[in-house]
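Enquirer: Add 804 to the 1-based position in the sequence shown for my numbering, that's all there is to it.
Even glycine gets a Cβ: it sits at the ideal position worked out from N, Cα and C.
What you are looking at is a predicted structure, and each value in this text was computed from that prediction instead of being measured.
Pasting in a structure now, in structure tokens, and then I'll have a few things to ask.
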Amino acid sequence: MAGKFDYLPEKLRQQIAHTALQLVTPGKGILATDDLPDSIDQRFSGLGIVPGQESRRVYRQLLFTAPGIEKYVSGAILYDETAHFKTDDGIPFPEYLLSKGILPGIQADRGLVELHGIAGETLTQGLDDLLVRSQNYYRMGIRFAKWRAAFNITENTPSTLAIEENAKTLARYALLSQQAGLVPIVEPDVSIQGTFNLARCQKVMEEVWAATFKALNDHHVHLEAVILKTNMVLPGRACNEKVSTERAAIATVWALSRTVPPALAGVGFLSGGQTEEESSVNLNAINQAPGPKPWALTFCFGRALQESAQKVWASNQADIASAQDIFIKRCEANSLASLGKYVPGSIPSFA
Ligand code: 13P
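Right, dumping it as structure tokens:
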């Protein structure tokens, strides 16, 4: 028998549910630009771009100021450093994004620590001061947050312990974010690397999502103000058994419909190492797949929105407009895919 408890205050619940619905506006998705400074610097170095803070600022500005971005992008996830950057005109990025009708979000977790004794498994840290950090972010104009739990599929993983502990941590984070007025993006990210087949990925995802939503419910998280960010159900990159796009899309929809309550505000998929075109084609197939889909199924892509743009920018950093142009094309492709209207190959990718 459940004990006595109180939900979050009604006004707060309404406010965050409204924010969540804005994030999943039909035809729009989320731009993930929350790579750690070291990761983006490494990518820049590989492309011949001088790494460093100013390159990172100019590159983010290129994306956020791309003409027409607001037609396709409802929110942008920032890393703490990016949330403190300003445009050339001195406007803080969160303020600039809000002025365009794009909600600024924040990567709230503080990375992974080893779950001792289980090879390769991890927990995500950052809960201790999360409420205060989230309240500060809210004051800066941030309206949503993201927290990533990472899993790998091998013969013995993910373990029940890793699934359950990560689910509880995601739920604690989600509640603290909501208390501060932020919509939590809850991200159980199962890596695409491995030899597992489609059926194994589907089963793992059903277990991970079921545990995550049980924990969210146990913690009295307001589900109407939560976005699930997760991987698509796909065979591992090194699996010999190839499956059609349609079959993988059906597996994703089935697994979601078996484990994710209709009350959830929406689902934003990560691209997880798929190419730009693959990500768009797979998202499109998911939206075309038969089966119950009571939530928006959209994009929350990092690499799959930016790879071409980074390459084009690297080839001539003075030519901001060409990089913006290819970036907007990927935004448009994924906007169409989120509606099940993308024609594969119809929008070019340079990646
Ligand atoms: P991608 O896998 O789409 O690059 O996104 C990574 C991510 O989770 C950033 O928030």
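(1) Could you give the distance in angstroms between the alpha-carbon of I1130 and the alpha-carbon of E1010?
(2) Using a Cβ distance threshold of 8 Å, determine whether the region 893-902 contacts the region 1135-1147, with at least three qualifying pairs required.
(3) Which same chain residues end up closer than 8 Å to A821 when comparing Cβ atoms and leaving out the 5 residues on each side of it in sequence?
(4) Contact between the region 1096-1104 and the region 1061-1080: three or more CB pairs below 8 Å?
(5) By a C-beta neighbour count over all protein chains shown, 10 Å radius and 16 as the cutoff for buried, is P1066 buried or exposed?
(6) Report yes if the C-beta distance between D845 and I910 is below 9 Å; otherwise report no.
(7) Using the beta carbon as the reference atom, which residues fall closer than 5 Å to any heavy atom of the ligand 13P, ordered along the chain?
(8) Going by DSSP, which residues form a beta bridge with R952?
(9) Tell me the residue span of the beta strand (DSSP E) that contains S878.
(10) Report the residue from R1134, L882 and L919 whose alpha carbon sits nearest the alpha carbon of I906.
(11) Going by C-alpha distance, which of E991, L986, L980 and F948 is nearest I967?
(12) Does DSSP put K1033 in a helix, a strand or coil?
(13) Tell me which same chain residues have a C-beta within less than 6 Å of the C-beta of R1041, skipping the five on either side of it?
(14) Could you tell me if G879 is buried or exposed, where buried requires 16 or more neighbouring beta carbons within 10 angstroms of its beta carbon?
(15) In whole angstroms, what is the alpha-carbon distance linking S1061 and R1051?
(16) Excluding sequence positions up to five away, which residues of its chain have a Cβ less than 7 Å from the Cβ of V1057?
(17) Taking C-beta to C-beta, are Q1006 and V1037 nearer than 9 Å?
(18) Am I right that E1136 and S1112 are in contact with their C-beta atoms under 8 Å? What's the rounded C-beta distance?
(19) Report the three-state DSSP secondary structure of L1087 (helix, strand or coil).
(20) Contact check, A1059 vs W1013 under 8 Å by CB: the rounded distance?
(21) Looking at the strands, I want to know which residues DSSP matches up with L980.
(22) What three-state label does DSSP hand Q911 in the structure shown?
(23) State yes or no: is the C-beta of K832 within less than 9 Å of the C-beta of S1142?
(24) Let me check one thing: in DSSP terms, what residues is G1072 bridge-paired to?
(25) Under the assumption that Y876 contacts S1139 (Cβ atoms under 8 Å), give the Cβ distance between them as a whole number of angstroms.
(26) By Cβ distance below 6 Å, which residues in the same chain neighbour L931 in space, the five residues on each side in sequence not counted?
Expert: So, to answer that:
(1) 36 Å
(2) No, because fewer than three Cβ pairs between the region 893-902 and the region 1135-1147 fall closer than 8 Å, the two stretches do not touch.
(3) H1026, E1028, A1029 and A1069
(4) At 8 Å Cβ cutoff, the stretches touch.
(5) exposed
(6) no
(7) Cβ atoms closer than 5 Å to the ligand 13P belong to A836, D838, L1074, S1075, G1076, F1105, G1106 and R1107.
(8) In the DSSP assignment, R952 forms a beta bridge with E991.
(9) V877 to L882
(10) L882
(11) E991
(12) strand
(13) I996 and Q997
(14) buried
(15) 15 Å
(16) I1090, A1093, G1095 and K1097
(17) yes
(18) About 12 Å separates the two Cβ atoms, so there is no contact after all.
(19) helix
(20) Going by Cβ atoms, the distance from A1059 to W1013 rounds to 7 Å, so yes, they are a contact pair.
(21) None; L980 has no bridge partner.
(22) strand
(23) yes
(24) Per DSSP, K1033 and T1102.
(25) 4 Å
(26) Only residues of its own chain outside the window of five on either side were considered, and among them R976 have a CB closer than 6 Å to the CB of L931, listed in chain order.
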